[in-house]
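Some notes on the structure that comes next.
There are 2 protein chains.
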Amino acid sequence: MALIYLDHLSATPLHPMVKEAMIQNLETVFGNPSSDNQVGQPAAAALEKARGQVAALINAADPKEVVFTSGGTEANNHALKGVAIGLREKGRHLVTSNIEHKSVLNSLRTLRLLDYRVTSLDVDQYGLVDPAAVEKAITPETILISIMLANNEIGTIEPIADIAKIAQKHKIAFHTDAVAATGIIPVDVQKLGVNLLSLAANQFYGPSGVGALYIRKGTPIWPLLDGGLQENKRRAGTENLIGIVGLGAAAELAAQEMPKSLPRIKTLKDRLLQGIVTRIPEVKVNGDPEHCLPHLVSISVTYIEGESLMMLLEDEGIIVNTRSACASGSLRASHVLIGTGLGHALAQGTLVFTLGWDTTEADIDHVLEVMPNIVQTLRDMSPIYKKEHAVG
Amino acid sequence: MALIYLDHLSATPLHPMVKEAMIQNLETVFGNPSSDNQVGQPAAAALEKARGQVAALINAADPKEVVFTSGGTEANNHALKGVAIGLREKGRHLVTSNIEHKSVLNSLRTLRLLDYRVTSLDVDQYGLVDPAAVEKAITPETILISIMLANNEIGTIEPIADIAKIAQKHKIAFHTDAVAATGIIPVDVQKLGVNLLSLAANQFYGPSGVGALYIRKGTPIWPLLDGGLQENKRRAGTENLIGIVGLGAAAELAAQEMPKSLPRIKTLKDRLLQGIVTRIPEVKVNGDPEHCLPHLVSISVTYIEGESLMMLLEDEGIIVNTRSACASGSLRASHVLIGTGLGHALAQGTLVFTLGWDTTEADIDHVLEVMPNIVQTLRDMSPIYKKEHAVG
C-alpha cells in the first residue's frame, strides 16, 4: 500500500534536488569554512551560496543578515535570549502571544528565571493576535515583541506587518517565528518589517536540524552560541555544512516553485476541507478561515480521540498528525487549541493534515472516502455520542 | 599534486563508512523521530542507534545520558549556561582555565553579564592545569568547574580524573570539553569521573555541525535550547538526523579502530616531531611532552610568521594550520600559546599539524623534505634573523 503522507508539518521528505545537492556536497566537500586554504575554500563557497539562496527567499537586503542555526528552535531561542541579553540594560520586558511555538514560550520561561518579565497575549477564537493588544502591552521596559507569522497547529496567519508598524513606532525590536510559513507562502522581511525572523528547512523539503535566523542590520542581539567568529560573529561553532547546503537548495527551489505550487495546494486543501465538513457531521474547523496556511487543515472531531482517528487512518495508509510533533510525548491538550478557547474534549479530538508538493487529488479523495466510516466507527464506541444521538 | 592533509583539527574528512551511513539514511529516512507513526519510527530508531554508539564510545552508563547537539560549541555552551541557570539559587561562581576553547571562555563572558563570577586559572608552560589550584579556587558559591580534556591547539592532556576527585569531594559539578580528544584517545566518563563531557563528530571522521553533551544522571542542568521534549527533555528542536547518524557511525568506527590506529599515529607523530627538531634549528615544541594528543604537533618557529609558512607549505600541497580554525578571521595571537607564557613573536610563528587515519610515512617524509628549505627561505627574508645570525 502506497503511503499518503499528510504530515508535512512534522517533517517534509527531502526533495530529490535537495537530496542531490546534499549528496554532492557530502561526496566532495569536507573542509572547515573558517580554514583559509584550498580545503576550506570550497566549504566557505558552499556556505555563502546557501546564505544567498536563503536571503533571496526572504528578500533580505544583505545575505550577511542570514545566520544559520540548528533549526527553528535554535533560531527562536537565539532571537529571544539574544535580544534579552543584548538589551538587558535597556529593559527586561517582552511581549508574546499564548499560541506561540514551545521554543518561544519555553525560552521566555527561562528568561523569567533570569528576572525578565513577559506579557503573553490572548488570541481570539481564530487564533488571531490583536495588534491593538500588542500596543497596549508595551511599557517603557519592553525590549522585544515576538509574534509568530503562521501558527503551526491551526495555520492562522497573524497580522505581522501591522504589529511591525507598532513595534517600529515604539522603537522596539520585533521577532516573528516564520517556521511554519517560510517556503510555503511568500515571506518578505521588507514587507513584513520585522527585525528578526526564524525559519527551518524541514518545512520546505530540506533536511531537519537546520534553519536560519534573519537578523536585520542594526538589531541589538547577543549570540546564543558563544565561541568562534563564525556566521559573521553571530553564531559560533563549525557549521553543519551538509545541512546548510540542503537548506539553501530547498530555499531556491521553494522560491522557484511557489507561483505554481501555491494555487495547486490551495485547491487541494479546499477539496479536503469541504469534503470533510460535507461528509462528516459535527466537525469544528480550527484556525482563521481567511488568513491561513494554504497547506494545513486542522479539524476537531466531536466525541472521539484524535489519537484513535490518527491510528485508524494509518491503518489505511494515511499519515496525519494530532498536534505539533514537538509536543509528542506530552499527553496534554494543545496549548494552541486551548488558547483559541476550544474545550479540552474537542482539543483532544483534533487532527492536523498538512499537504505537500506531491499530494494528489486522488490522495485527498482516498482520505474523504475512508475517513467518514472511521469516524463513525469510533463514535459508535463513544458512550457520550450514543447517549446524545439516541433515537427517540 | 595529491594533497597532504595535516589539518584534521579543523575538520576531518568523512570516513567512507560514515559517508555511506549518512547517504543511506538520507535516501531512506525522513520522518520526525517524535512522530509516533511508521514514518517517524525509523527516524526514532536511527536516532537511538546513534545514541547507543556514542554512549559506547565514552562508556556512558545509559544512552539517555547522551544529548545530541549541533557540535562541540553548543555542547560547551549548554554545559556552562545550563548548569549556571540550573544552580543559580545555589551560587554564581564558576572555575575554568585560561586555555579553554573560545566556546567555553566566551560562554563564561556572557555569564559574567548575567552576574555570574568566574575564576580562570593560569596554566604552566606545558599548558597543564594544577589540580591544587582548582581546589584553591573553589568557594561556597562555586557551582561548576570546566577544564578541557585535551587542548585543541597544543595537545596537552589535562589531569581530569584528579580534578574530578576534587570536584566530587566538594560536591561541585565538573564539565570537561573533550572535543579534541574524543575519538582520538580513549575517553571513558567513568574513569574520568566527570558529570558533563562535550564531543564533536568532525574530530573523528564524522560530519561537522554535530556533537553531543554527555550529562551524567542527576546533574542539575537546564536546557540551552528550550522548546519541545526531544532528547529526553534536555535539548529541544527536531534533530539533525543525517548528522547524528554520521556521528554514531563515526563513534562506532573510532572505538573499533583505536587499538590499531593509536600506536600507528603515535609513531608517525614522533617521526614528524623528531624530524622537525632535528632538521630545523631554533624551533620550540609546544604542549606537554608526555601528556599530549597522539596526532597533534604544535611548534613555534622563531623569526617567521606561521601564516607565511602555512602558505608556502600549501604551495607544496601540504595543508597545516597556524591555530584553532575557530579563531580564523582573528589576527590576534592564540590565547592558548600566550597562556603557556609564549611571547607574541613566537606565538605568531606557530604551526599545528594534526595527523589522520590516512596519513602515511611518505606524507611525513615529504613534509620533512620540503619544510627546512621553506623555513630557511622565510628566515632569510627576516631582518631580525639576519641581524642575529650575521657572520662575524
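Protein sequence lines, in the order shown, are assigned to chains E and A.
Heads up: the first sequence at position 121 corresponds to 121 in the working numbering, and the numbers run straight through without jumps.
Count along the second sequence from 1, then add 1000; that gives the number in the working numbering.
Where a beta carbon is used, it is the ideal one built from N, C-alpha and C, also for glycine.
The model shown is predicted, which means the values in this text are computed figures rather than measured ones.
### C-beta contact flag for E:A178 and E:L197 at 9 Å
Residue mapping note: residue 178 of chain E aligns to position 178 of the first sequence, counting from 1. Residue mapping note: residue 197 of chain E aligns to position 197 of the first sequence, counting from 1. Less than 9 Å separates the beta-carbon of E:A178 from that of E:L197.
### Query
By Cβ distance, which residues of its chain are closer than 6 Å to A:E1020, with the 5 residues on each side in sequence left out?
As a working mapping, residue 1020 of chain A is identified with position 20 in the second sequence. For A:E1020, same chain residues with a beta-carbon under 6 Å away, outside a window of 5 residues either side, do not exist.
#### Entry: Within chain A, partners of E:V285 - CB distance below 7 Å
Along the first sequence, read from residue 1 onward, the residue named residue 285 of chain E stands at position 285. Those within 7 Å of E:V285 in chain A number zero; the least Cβ separation is about 23 Å.
### Query
When burial is assigned at 16 or more other CB atoms within 10 Å of the CB, is E:I468 buried or exposed?
Any answer about residue 468 of chain E is impossible in this case: the structure gives chain E only from 1 up to 392.
### Task
Give, in chain order, every residue of the stretch 1022-1039 of chain A whose Cβ lies closer than 8 Å to some Cβ of chain B.
You won't find chain B in this structure, because its protein chains are E and A.
### Query
Going along chain E, which residues have a C-beta under 7 Å from A:V1179?
As a first step, residue 1179 of chain A is located in the second sequence; it is residue number 179 there, counting from the start. Residues of chain E passing the Cβ test: none, with the nearest at roughly 10 Å.
### Straight-line Cα distance separating A:T1278 from A:P1268
The residue you call residue 1268 of chain A lines up with position 268 of the second sequence. The residue you call residue 1278 of chain A lines up with position 278 of the second sequence. In the sequence as presented, Pro is not what sits at residue 1268 of chain A; that position holds Leu. Their Cα atoms are separated by approximately 15 Å.
### Message
Suppose you measure from the CA of E:L346 to the CA of A:V1210; what does that come to, to the nearest Å?
### Response
For the purposes of this step, residue 346 of chain E is identified with residue 346 of the first sequence, where counting begins at 1. For the purposes of this step, residue 1210 of chain A is identified with residue 210 of the second sequence, where counting begins at 1. Distance from the CA of E:L346 to the CA of A:V1210, rounded to the nearest whole angstrom, comes to 40 Å.
### Message
Beta-carbon within less than 7 Å of E:G86's beta-carbon, same chain only, minus the 5 sequence neighbours each way: which residues are those?
### Response
If you number the first sequence from 1, residue 86 of chain E lands on position 86. Same-chain partners within the cutoff: P220, I221 and W222.
### Query
Which term fits A:A1362, buried or exposed, when burial requires 16 or more other beta carbons within 10 angstroms of its beta carbon?
One-based indexing of the second sequence puts residue 1362 of chain A at position 362. Burial is judged here by how many other beta carbons sit within 10 angstroms of a residue's own beta carbon; A:A1362 has fewer than 16 and is exposed.
### Message
For a contact defined as C-beta to C-beta under 7 Å, what are the partners of A:S1107 on chain E?
### Response
Mapped onto the second sequence, residue 1107 of chain A falls at position 107. Within 7 Å Cβ-Cβ: D226.
### Message
Which of the three DSSP states is assigned to A:G1211 in this structure?
### Response
Position 211 of the second sequence, counted from the first residue, corresponds to residue 1211 of chain A. Of the three classes helix, strand and coil, the one that applies to A:G1211 here is strand, per DSSP.
### Task
Output the residue ranges of the alpha helix (DSSP H) runs that lie fully inside the stretch 213-285 of chain E and measure 4 residues or longer, sorted by chain position.
Segments of the alpha helix (DSSP H) lying fully in the stretch 213-285 of chain E: 241-279.
### Task
Identify, in the order they occur along the chain, each residue of the same chain with its Cβ nearer than 6 Å to the Cβ of E:N232, setting aside the five sequence neighbours on each side.
Within the first sequence, numbered from 1, the residue matching residue 232 of chain E stands at position 232. Cβ within range, chain order: K64.
### Message
Just list the residues that DSSP pairs A:R1117 with in beta bridges.
### Response
Sequence index remark: in the second sequence, residue 1117 of chain A carries index 117 (1-based). Among the bridge pairs identified by DSSP, A:R1117 is matched with A:H1093.
### Query
By Cβ distance, which residues of its chain are closer than 6 Å to E:L111, with the 5 residues on each side in sequence left out?
Counting from 1 along the first sequence, the entry for residue 111 of chain E is found at position 111. Here the set comprises A84.
### Message
Any beta carbon of chain A sitting closer than 9 Å to that of E:M310?
### Response
If you number the first sequence from 1, residue 310 of chain E lands on position 310. It does; some Cβ of chain A falls within 9 Å.
### Task
Report yes or no: is there a C-beta of chain A within less than 9 Å of the C-beta of E:R88?
Working through the first sequence from its first residue, we reach residue 88 of chain E at position 88. With 9 Å as the cut-off, E:R88 counts as an interface residue toward chain A.
### chain A contact residues for E:K64, given Cβ-Cβ distances below 7 Å
Taking the first sequence and counting its residues from 1, the one referred to as residue 64 of chain E is at position 64. Per Cβ cutoff of 7 Å: no residues; E:K64 is ~13 Å from chain A at best.
#### Entry: Option in E:G31, E:R234, E:V187 and E:L149 with minimal Cα separation from A:S1103
For the purposes of this step, residue 1103 of chain A is taken as residue 103 along the second sequence, with counting starting at 1. Taking only the C-alpha atoms, the option nearest A:S1103 is E:R234.
### Query
Can you list, in chain order, the residues of its chain whose CB lies under 6 Å from that of E:T139, leaving out five sequence neighbours each side?
Locating residue 139 of chain E in the first sequence gives position 139, counting from the first residue. Excluding residues within five positions, the ones whose Cβ falls inside 6 Å are H93.
### Task
Please report the Cβ distance between E:L47 and E:E239, rounded to the nearest whole angstrom; I am assuming they are in contact, meaning their Cβ atoms lie under 8 Å.
Position 47 of the first sequence, counting from 1, holds the residue named residue 47 of chain E. Position 239 of the first sequence, counting from 1, holds the residue named residue 239 of chain E. Yes, E:L47 and E:E239 are in contact; Cβ-Cβ is about 6 Å, under 8 Å.
### Message
Within 10 Å of its beta-carbon, does E:D122 have 16 or more other beta-carbons around it, so buried, or fewer, so exposed?
### Response
Counted from its first residue, the first sequence places residue 122 of chain E at position 122. Classification of E:D122: exposed, given that the 10 Å Cβ count is below 16.
### Message
With a threshold of 8 Å, are at least 3 pairs of Cβ atoms found where one atom belongs to the stretch 4-11 of chain E and the other to the stretch 241-255 of chain E?
### Response
Not touching, per the Cβ criterion.
### Query
Between the C-alpha atoms of A:M1310 and A:N1321, what's the straight-line distance to the nearest angstrom?
The residue labelled residue 1310 of chain A in the question sits at position 310 within the second sequence. The residue labelled residue 1321 of chain A in the question sits at position 321 within the second sequence. Each residue's alpha carbon lies about 7 Å from the other.
### Query
Between E:E158 and E:I147, which are expected to be in contact by the criterion C-beta below 8 Å, what is the C-beta distance as a whole number of angstroms?
As a first step, residue 158 of chain E must be located in the first sequence, where it is residue number 158. As a first step, residue 147 of chain E must be located in the first sequence, where it is residue number 147. Confirmed, about 5 Å.
### Query
Nearest chain A C-beta to E:P207 closer than 9 Å, yes or no?
If you number the first sequence from 1, residue 207 of chain E lands on position 207. Judged by the 9 Å Cβ criterion, E:P207 is in contact with chain A.
### Where E:E291 falls: helix, strand or coil (DSSP)
As a working note, residue 291 of chain E is residue 291 in the first sequence. Going by the sequence as given, residue 291 of chain E is His instead of Glu. In the displayed model, E:H291 falls within coil according to three-state DSSP, outside both helix and strand.
### Query
Using a C-beta to C-beta distance shorter than 7 Å, which residues of chain E count as neighbours of A:P1013?
Within the second sequence, numbered from 1, the residue matching residue 1013 of chain A stands at position 13. At a beta-carbon threshold of 7 Å, the residues of chain E lying near A:P1013 are F30, ordered along the chain.
### Query
Under a Cβ-count criterion, where at least 16 other Cβ atoms within 10 Å of its own Cβ denotes burial, should A:D1288 be classed as buried or exposed?
Counting from 1 along the second sequence, the entry for residue 1288 of chain A is found at position 288. Residue environment: A:D1288 is assigned as buried (16 or more neighbouring CB atoms within 10 Å of its CB, all protein chains considered).
### Task
Starting from the Cα of A:L1225, find the closest Cα among A:R1088, A:Q1376 and A:T1069 and give me that residue.
Residue 1225 of chain A sits at position 225 when you count from the first residue of the second sequence. Considering only alpha carbons, the answer is A:T1069.
### Query
Under the rule that 16 or more other beta-carbon atoms within 10 Å means buried, what is A:L1192, buried or exposed?
What you label residue 1192 of chain A is simply residue 192 of the second sequence in a count that begins at 1. Buried is the call here.
### Query
Name the DSSP beta bridge partners of E:N321, please?
By 1-based counting over the first sequence, the position of residue 321 of chain E is 321. DSSP, once it has assigned bridges, lists E:V352 as partnering E:N321.
### Query
What's the C-alpha gap between A:I1143 and A:I1265?
Counting from one through the second sequence, the residue named residue 1143 of chain A turns up at place 143. Counting from one through the second sequence, the residue named residue 1265 of chain A turns up at place 265. Between A:I1143 and A:I1265, the alpha-carbon positions lie close to 38 Å from each other.
### Query
Hey, how far is the Cα of E:H175 from the Cα of E:N76?
Walking along the first sequence from the start, residue 175 of chain E turns up at place 175. Walking along the first sequence from the start, residue 76 of chain E turns up at place 76. The C-alpha of E:H175 lies about 9 Å from the C-alpha of E:N76.
### Query
What span of residues does the beta strand (DSSP E) with A:H1175 cover, start to end?
Position 175 of the second sequence, counting from 1, holds the residue named residue 1175 of chain A. It spans A1173 to D1177 - the beta strand (DSSP E) in which A:H1175 sits, taken as one unbroken run.
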